[in-house]
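Residues in the sequence shown are numbered from 1 upward in steps of one, following our numbering. Have a look at the structure below before the remarks.
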Amino acid sequence: MVQGHRGAVLTGTRIRERRMLLGLRQSELAKRAGISASYLNLIEHNRRRIGGKLLLSLAETLEVEPSALSEGAEAALLAQLRQAAADRPEAGADLERIEEFTGRFPGWAQLVAQQSRRLGTLERTVEALTDRLAHDPHLAASLHEVLSTVTAIHATSEILVGDEPIEPEWRARFHRNIHEDSARLAEGARRLVEDLGEEERAEEVTSPQEAVEGFLSANGFHFPALEGGAGPVAVEDLLEAGRGQLSSRAARLIAGRVLERYAADAAALPVVRVAEALPEGGALDPAALGARLGADPGRMMRRLATLPADLLAAKGQAPLGLVACDASGTLTFRKPLDHFPLPRFGAACPLWPLFQALSRPMMPLSQVIRLAGRSEGVFLTHAIAQPAGPQVANRDPTFEAHMLIQPGPVEANDDLPRVGVTCRICPKADCRGRREPSIMAEGSA
Numbered sequence: 001m002v003q004g005h006r007g008a009v010l011t012g013t014r015i016r017e018r019r020m021l022l023g024l025r026q027s028e029l030a031k032r033a034g035i036s037a038s039y040l041n042l043i044e045h046n047r048r049r050i051g052g053k054l055l056l057s058l059a060e061t062l063e064v065e066p067s068a069l070s071e072g073a074e075a076a077l078l079a080q081l082r083q084a085a086a087d088r089p090e091a092g093a094d095l096e097r098i099e100e101f102t103g104r105f106p107g108w109a110q111l112v113a114q115q116s117r118r119l120g121t122l123e124r125t126v127e128a129l130t131d132r133l134a135h136d137p138h139l140a141a142s143l144h145e146v147l148s149t150v151t152a153i154h155a156t157s158e159i160l161v162g163d164e165p166i167e168p169e170w171r172a173r174f175h176r177n178i179h180e181d182s183a184r185l186a187e188g189a190r191r192l193v194e195d196l197g198e199e200e201r202a203e204e205v206t207s208p209q210e211a212v213e214g215f216l217s218a219n220g221f222h223f224p225a226l227e228g229g230a231g232p233v234a235v236e237d238l239l240e241a242g243r244g245q246l247s248s249r250a251a252r253l254i255a256g257r258v259l260e261r262y263a264a265d266a267a268a269l270p271v272v273r274v275a276e277a278l279p280e281g282g283a284l285d286p287a288a289l290g291a292r293l294g295a296d297p298g299r300m301m302r303r304l305a306t307l308p309a310d311l312l313a314a315k316g317q318a319p320l321g322l323v324a325c326d327a328s329g330t331l332t333f334r335k336p337l338d339h340f341p342l343p344r345f346g347a348a349c350p351l352w353p354l355f356q357a358l359s360r361p362m363m364p365l366s367q368v369i370r371l372a373g374r375s376e377g378v379f380l381t382h383a384i385a386q387p388a389g390p391q392v393a394n395r396d397p398t399f400e401a402h403m404l405i406q407p408g409p410v411e412a413n414d415d416l417p418r419v420g421v422t423c424r425i426c427p428k429a430d431c432r433g434r435r436e437p438s439i440m441a442e443g444s445a
């Protein structure tokens, strides 16, 4: 193939698949597009570049958006499939044809990605339960209580069914003991089932953090009920309404903290004030906006990331992504952005400005970065690390970091710093921050 960029390599394949789906002959499509059938044949076999007016003409004839032919699968889905291949290297998945597979069979690609996520979730659940059985003192105590009670009932019943005669007084005592032990056994079994069975009652087994992220995503990360100085009652109402997704106590606790912080941010920065301060188009600077509105950069980033999509669109602003981490570097909040997928499990790329901010607390960082991979997307990031919670005299603060992500300038330099999503699926060669080998071929991006 003569094309140099993998993103363009499969444009011809997508044209061919779409044409066949519509039942068009190659000659018929070529005639409508105003080109020869032989030239279209070269395009469909990825031996000729295509762009500009010809791409628009073919897209119109095939009744699809031009981007569906030129860009193909979303970056997030490709990242999920690469992660699935990384999790099962023994399967020998052909990574060189991953985009072709996704473009030709999008439904199957989604199914593979969903099954991989489900399998990973189930494996983590088994590991968590095994760890609990080995190390959870409360669970161990419940198991010991059940086993001890069963042993006591068994010993008493052996005496009652024995051949030796028993005096009425002792028989009554043994009956009373069995009654009391059986009541104790029922209570112990109930506690054990409650400890082990909470996640089983959920529609889908997920970690508390995943459940909270699903809850936030289902609501578009925006909660009108918490705007305008809403109190604890509104938070409780939302938690009750989301009980189907927030099935565990841990998930409800985490979601409660997120919603309480949302309510505090909304009270400090009412949506009307933020909307008035937003510029018409152009890049957003959360530090400058925060200074203008009397808010710290971290709060300003959270507020911008949770604004309704229609408000941003009305101001000519693109959707925004946000990621936060604690002082250990563990991601505690994820709002993904198109073409900038965030790792669901495991550690993120250490080259993100998010982690650079942890080494320079209280200093706002602004950086344009390029995401390594097929799309090579450009993004403008703003990051800052600030103390988490109230300050206490003579105690070192615990920091948390936020990073706001927005689409970067179209005309970007080629020498921008390149970052990845996570090491296992990052194609960047000779990376100073790599902690484990990549399943991608070195230098393929």
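Where is the CB? At the ideal position from N, CA and C, for every residue including glycine. Quick caveat: nothing in here was measured; it's all calculated off a predicted structure.
C-beta contact flag for residue i and residue j at 8 Å
{"i": "L320", "j": "L404", "result": "yes"}
{"i": "L269", "j": "L284", "result": "no"}
{"i": "F221", "j": "T330", "result": "no"}
{"i": "L226", "j": "A275", "result": "no"}
{"i": "P361", "j": "A324", "result": "no"}
{"i": "Q406", "j": "A318", "result": "yes"}
{"i": "E44", "j": "R18", "result": "no"}
{"i": "D87", "j": "G34", "result": "no"}
{"i": "A84", "j": "V112", "result": "yes"}
Contacting residues, own chain, Cβ-Cβ under 7 Å from residue i (five flanking each side not counted)
{"i": "A79", "result": "P341, V421, I425"}
{"i": "V419", "result": "C349, L351, W352, I369, L371, A372"}
{"i": "F174", "result": "T156, I159, L160"}
Backbone CA spacing between residue i and residue j [nearest angstrom]
{"i": "P232", "j": "G256", "result": "9 Å"}
{"i": "E100", "j": "D237", "result": "46 Å"}
{"i": "G433", "j": "A309", "result": "35 Å"}
{"i": "E400", "j": "A93", "result": "38 Å"}
{"i": "N394", "j": "R292", "result": "32 Å"}
{"i": "A314", "j": "V392", "result": "43 Å"}
{"i": "E376", "j": "R370", "result": "6 Å"}
{"i": "L259", "j": "R14", "result": "43 Å"}
{"i": "G290", "j": "A372", "result": "31 Å"}
{"i": "P279", "j": "T381", "result": "17 Å"}
{"i": "E210", "j": "L122", "result": "13 Å"}
{"i": "T102", "j": "E65", "result": "17 Å"}
{"i": "K428", "j": "R191", "result": "50 Å"}
{"i": "G281", "j": "S366", "result": "18 Å"}
{"i": "D396", "j": "L56", "result": "59 Å"}
{"i": "R228", "j": "L337", "result": "Before going on, a small fix: residue 228 reads as Gly here, not Arg. In a straight line, the C-alpha of G228 is about 27 Å away from that of L337."}
{"i": "F379", "j": "L29", "result": "37 Å"}
{"i": "P89", "j": "F105", "result": "22 Å"}
{"i": "I178", "j": "C423", "result": "59 Å"}
Status (buried if at least 16 other CB within 10 Å, exposed otherwise) for residue i
{"i": "K53", "result": "exposed"}
{"i": "E96", "result": "exposed"}
{"i": "E203", "result": "With a pLDDT of only 42 at E203, under 50, the local geometry of the prediction cannot be trusted, and the value read off the model is given with reservation. Its Cβ having fewer than 16 others within 10 Å, E203 is exposed."}
{"i": "T151", "result": "exposed"}
{"i": "H154", "result": "exposed"}
{"i": "C431", "result": "buried"}
{"i": "E213", "result": "buried"}
{"i": "A357", "result": "buried"}
{"i": "R243", "result": "exposed"}
{"i": "D181", "result": "buried"}
{"i": "S247", "result": "buried"}
{"i": "A441", "result": "Low confidence applies to A441: its pLDDT is 48, below 50, so where it sits in the model is not reliable enough to give any reading."}
Unbroken alpha helix (DSSP H) run spanning residue i, endpoints
{"i": "T31", "result": "Here residue 31 turns out to be Lys, not Thr, going by the sequence shown. K31 -> alpha helix (DSSP H) spans 26 to 33."}
{"i": "Q209", "result": "208 to 218"}
{"i": "T102", "result": "98 to 104"}
6 Å CB neighbourhood of residue i in its chain, flanking five on each side removed
{"i": "R32", "result": "T61"}
{"i": "K335", "result": "F221, A305, G321, L322"}
{"i": "A59", "result": "P66, L69"}
Cutoff 8 Å; reference residue i; Cβ partners in own chain excluding five residues on either side
{"i": "R117", "result": "Q80, R344"}
{"i": "T398", "result": "D326, A327, P387, A388, G389"}
{"i": "Q110", "result": "L77"}
{"i": "A186", "result": "none"}
{"i": "A189", "result": "V146"}
Run of the beta strand (DSSP E) containing residue i, from where it starts to where it stops
{"i": "T381", "result": "378 to 387"}
{"i": "M403", "result": "399 to 407"}
{"i": "G321", "result": "321 to 325"}
{"i": "S366", "result": "365 to 371"}
Distance cut-off 7 Å: residue i Cβ against heavy atoms of the ligand MG
{"i": "H144", "result": "The model on display carries no ligand, and the ligand MG is accordingly not part of it."}
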